[in-house]
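Engineer: In the UniProt record's numbering, the protein residues as written are 1 to 502.
Let me begin by handing over the structure; questions about it come next.
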């Protein structure tokens, strides 16, 4: 069967100590399976009924190697946990020996820097790379950075980059964190490259420099922020230089044998192993990224069933996701798996090479929904619910107009774009109020406020409100019953799948 051993290494002398052993398949085994392509649980199940490792064949190499052939990898895998402390205002957000993450993201690249930066943008915490957490103009900046490095929180990796921006040395950061200097050197190099991009701007991004940056995992969105331009301009520059990623296969054997399984990751090298089919209709399904409160495994269930149903109908299925805890990222759930962050840049590059007949965004929760408009604008065929219909349901103001037009009842409400406007509207509607932004999931940044002081506190701590990010105020209905109806529609007939009372 399978087992999982955890051990610690003393960095001073290399001494090893076994900490724990699980005589079973664990979360670590699931991660190792995704990282190597070796199906640990499947093999362990067959060993339990009497097979031996040399009798079992490796699916990924099409039976050319037995399961006793240990996986060999020619890429770097990075896993970063996803935390959801914003959901628990009173929780202690310091990291300890107790598990506090609610999900995780995995990324694959040819270098540690590429793999790390892909994982950071796949986390979906508003970062496109090593975005700064503190302003260096703040007199308290250095004190805060030192505190965050010494007493680890969920954002420590970003504070390490801030420490290098603030002038700390690798040894200085090592003394505060005890993170191996090799990793610190990698992050410091990325920070120095960021400074160079900010200095030269978009005019200084020649083909060689841009290729170097992309090979180190820099996202278009991060480069755009550093150069002070829009993301589309960096994409246009890459098109001009014909600078696009190639796709390599996870094959368990470091390309020693040919592989029939299309389990792929992107990198900026020369040889592309994607080998997309040209004679089949393809549909791409976008996954939900890392699990978090409000968006978890239930969306993965939908993605998997969508993939199976499409395959049954004769389509070639393409899955894009970066969550190692899911069934959708198993190499045999879809015909082709791209283990990539679910961001606009990464999805557009896969669309460019695969040319699918349609992309489905409605099964991965909020993650793909947020991309729907931009994908449509880039000419990608979004099938199923149209991006305009998605926006009409998600944009609070548009939804309110639709309800008014249909003469349906709704609680007294208003959409506001500034705090003083919110205070005025709240007086008209009356307290208590439900306050929430658009395009959020699982009630994130949604609160019930009972008076003006409560409302002001909400605007100062929970959300940043602007014309681009309006907030909806709804009269809170006391002693009401909430009912959820799930329906599916083909444009003419509506089928109700279930009615639930909350």
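Just so it is clear, CB atoms sit at the ideal spot from N, CA and C, and this is done for glycine as well.
Taking only the alpha-carbon atoms, compute the straight-line gap between residue 515 and residue 2 and give it to the nearest angstrom.
Structural biologist: The structure shown does not extend to residue 515, since the chain spans only 1 to 502, so no value can be given for it.
Engineer: Which same chain residues, not among the five before or five after residue 474, have their C-beta less than 6 Å away from its C-beta?
Structural biologist: By one-based count along the chain shown, residue 474 stands at place 474. Same-chain partners within the cutoff: 411, 413, 434.
Engineer: Among the candidates 46, 431, 7, 378, whose CA atom is the shortest distance from the CA of residue 450?
Structural biologist: Numbered from 1 along the chain shown, position 450 holds the residue referred to as residue 450. Among 46, 431, 7, 378, the Cα nearest to that of residue 450 is on 431.
Engineer: May I ask which residues mark the beginning and end of the alpha helix (DSSP H) holding residue 94?
Structural biologist: Here residue 94 refers to the residue found at position 94 when the chain shown is read from its first residue. Where residue 94 is concerned, there is no enclosing alpha helix (DSSP H), given that its DSSP letter is neither H nor E.
Engineer: For residue 282, does the count of other Cβ atoms within 10 angstroms reach 16, so buried, or fall short, so exposed?
Structural biologist: What you label residue 282 is simply residue 282 of the chain shown in a count that begins at 1. With 16 or more Cβ atoms within 10 Å of its Cβ, residue 282 is classed as buried.
Engineer: Could you have a look at residue 175 and say whether DSSP puts it in helix, strand or coil?
Structural biologist: For the purposes of this step, residue 175 is taken as the residue at position 175 of the chain shown. In this structure, residue 175 counts as helix in the three-state DSSP scheme.
Engineer: Just checking my contact of residue 349 with residue 245 at CB under 8 Å: how many whole Å lie between their CB atoms?
Structural biologist: Working through the chain shown from its first residue, we reach residue 349 at position 349. Working through the chain shown from its first residue, we reach residue 245 at position 245. Sure, about 6 Å apart at Cβ, within 8 Å.
Engineer: Near residue 448, what residues of its chain come up, given a Cβ to Cβ distance below 6 Å and the 5 sequence neighbours on each side ignored?
Structural biologist: Counting from 1 along the chain shown, the entry for residue 448 is found at position 448. Cβ within range, chain order: 432, 434, 476.
Engineer: Expressed to the nearest angstrom, what Euclidean distance is found between the alpha-carbon atoms of residue 135 and residue 141?
Structural biologist: One-based indexing of the chain shown puts residue 135 at position 135. One-based indexing of the chain shown puts residue 141 at position 141. Distance between the alpha carbons of residue 135 and residue 141 is about 7 Å.
Engineer: Does residue 403 come out as helix, strand or coil in the three-state DSSP assignment?
Structural biologist: Sequence index remark: in the chain shown, residue 403 carries index 403 (1-based). In the structure shown, residue 403 sits in a helix (DSSP, three-state: H, G or I).
Engineer: Give me, in chain order, the residues of the same chain whose beta-carbon lies closer than 7 Å to that of residue 363; leave out the 5 immediate sequence neighbours on both sides.
Structural biologist: Walking along the chain shown from the start, residue 363 turns up at place 363. Here the set comprises 285, 299, 302, 303, 306.
Engineer: Mapping DSSP to helix, strand and coil, what is residue 349?
Structural biologist: Numbered from its first residue, the chain shown carries residue 349 at position 349. If DSSP states are grouped into helix, strand and coil, residue 349 belongs with the helices.
Engineer: In terms of alpha-carbon separation, which member of 367, 469, 393, 386 lies closest to residue 416?
Structural biologist: Position 416 of the chain shown holds residue 416. Comparing Cα-Cα distances from residue 416 to each of 367, 469, 393, 386, the minimum goes to 469.
Engineer: Can you grab the Cα-Cα spacing for the pair residue 8 / residue 160, in whole Å?
Structural biologist: The count along the chain shown starts at 1 and reaches residue 8 at position 8. The count along the chain shown starts at 1 and reaches residue 160 at position 160. Taking the straight line joining both Cα atoms gives about 23 Å.
Engineer: Note the first and the last residue of the continuous alpha helix (DSSP H) segment covering residue 303.
Structural biologist: Looking up residue 303 in the chain shown gives position 303. Residues 297–312.
Engineer: If contacts are defined as beta-carbon pairs under 8 Å, then residue 217 and residue 116 qualify, I think. What distance do you get, rounded to the angstrom?
Structural biologist: Residue 217 sits at position 217 when you count from the first residue of the chain shown. Residue 116 sits at position 116 when you count from the first residue of the chain shown. Right, the Cβ-Cβ distance comes to about 7 Å (below 8 Å), so this counts as a contact.
Engineer: Quick one: Cα of residue 445 to Cα of residue 491, how far?
Structural biologist: Locating residue 445 in the chain shown gives position 445, counting from the first residue. Locating residue 491 in the chain shown gives position 491, counting from the first residue. Residue 445 and residue 491: Cα-Cα distance of roughly 33 Å.
Engineer: What's the gap between the Cα of residue 426 and the Cα of residue 396?
Structural biologist: Taking the chain shown and counting its residues from 1, the one referred to as residue 426 is at position 426. Taking the chain shown and counting its residues from 1, the one referred to as residue 396 is at position 396. Taking the straight line joining both Cα atoms gives about 16 Å.
Engineer: Assuming the contact rule is C-beta atoms closer than 8 Å, residue 243 and residue 205 should be a hit. Round their C-beta distance to whole Å, please.
Structural biologist: Counting from 1 along the chain shown, the entry for residue 243 is found at position 243. Counting from 1 along the chain shown, the entry for residue 205 is found at position 205. So it is not a contact: roughly 10 Å between Cβ atoms.
Engineer: Look up residue 267 in the DSSP assignment and say whether it is helix, strand or coil.
Structural biologist: Residue 267 sits at position 267 when you count from the first residue of the chain shown. Strand, per DSSP.
Engineer: Using the C-alpha atoms, what's the distance from residue 472 back to residue 429?
Structural biologist: Sequence index remark: in the chain shown, residue 429 carries index 429 (1-based). Sequence index remark: in the chain shown, residue 472 carries index 472 (1-based). If I take the Cα positions, the gap works out to 12 Å.
Engineer: Taking residue 43 as part of the alpha helix (DSSP H), name the residues at either end of that continuous run.
Structural biologist: Your numbering for residue 43 matches position 43 in the chain shown. Segment 40–48, the alpha helix (DSSP H) holding residue 43.
Engineer: From residue 177 to residue 98, what distance separates their C-alpha atoms?
Structural biologist: Residue numbering aside, residue 177 sits at position 177 when the chain shown is read from its first letter. Residue numbering aside, residue 98 sits at position 98 when the chain shown is read from its first letter. If I take the Cα positions, the gap works out to 18 Å.
Engineer: Who are the Cβ neighbours of residue 327 in its own chain at under 7 Å, not counting the five residues just before and after it?
Structural biologist: On the chain shown, residue 327 is found 327 positions in, with the first residue counted as 1. Taken in chain order, the residues that qualify are 300, 304, 333.
Engineer: Hey, residue 399 and residue 405: beta-carbon distance below 8 Å or not?
Structural biologist: Sequence index remark: in the chain shown, residue 399 carries index 399 (1-based). Sequence index remark: in the chain shown, residue 405 carries index 405 (1-based). For residue 399 and residue 405, no; Cβs fall outside 8 Å.
Engineer: Buried or exposed, going by whether 16 or more other CB atoms sit within 10 Å of the CB of residue 314?
Structural biologist: Translated into the one-based positions of the chain shown, residue 314 becomes position 314. Classification for residue 314: exposed.
Engineer: Looking at the strands, I want to know which residues DSSP matches up with residue 252.
Structural biologist: As a working note, residue 252 is residue 252 in the chain shown. Bridge partners of residue 252: none, in fact.
Engineer: Nearest-angstrom Cα distance between residue 233 and residue 401?
Structural biologist: Residue 233 sits at position 233 when you count from the first residue of the chain shown. Residue 401 sits at position 401 when you count from the first residue of the chain shown. For residue 233 and residue 401, the distance between alpha carbons rounds to 35 Å.
Engineer: If residue 504 sits next to residue 207, beta carbons under 8 Å apart, how far is it from one beta carbon to the other, in whole angstroms?
Structural biologist: Since the displayed the chain opens at 1 and closes at 502, residue 504 lies outside it and no answer follows.
Engineer: Let me confirm a value: residue 130 is counted as buried when at least 16 other C-beta atoms fall within 10 Å, else exposed. Which label applies?
Structural biologist: Residue 130 sits at position 130 when you count from the first residue of the chain shown. Residue 130 should be labelled buried.
Engineer: Should residue 18 go down as buried or exposed, given a rule of 16 or more other Cβ atoms within 10 Å for buried?
Structural biologist: Counting from 1 along the chain shown, the entry for residue 18 is found at position 18. With fewer than 16 other Cβ atoms within 10 Å, it is exposed.
Engineer: Out of 321, 335, 294, 291, which has the shortest C-alpha to C-alpha gap to residue 312?
Structural biologist: One-based indexing of the chain shown puts residue 312 at position 312. Selected option, being the one with the closest Cα: 335.
Engineer: When the Cα atoms are used, what is the spatial distance from residue 224 to residue 351?
Structural biologist: Translated into positions along the chain shown, residue 224 becomes position 224. Translated into positions along the chain shown, residue 351 becomes position 351. Whole-angstrom Cα-Cα distance: 22 Å.
Engineer: Suppose you measure from the CA of residue 94 to the CA of residue 344; what does that come to, to the nearest Å?
Structural biologist: Here the question's residue 94 lines up with position 94 in the chain shown. Here the question's residue 344 lines up with position 344 in the chain shown. Roughly 32 Å between the two C-alpha positions.
Engineer: State the Cα-Cα distance for the pair residue 341 and residue 91, rounded to the nearest angstrom.
Structural biologist: One-based indexing of the chain shown puts residue 341 at position 341. One-based indexing of the chain shown puts residue 91 at position 91. Going from the Cα of residue 341 to the Cα of residue 91 covers about 29 Å.
Engineer: Which term fits residue 52, buried or exposed, when burial requires 16 or more other beta carbons within 10 angstroms of its beta carbon?
Structural biologist: One-based indexing of the chain shown puts residue 52 at position 52. So residue 52 ends up on the exposed side.
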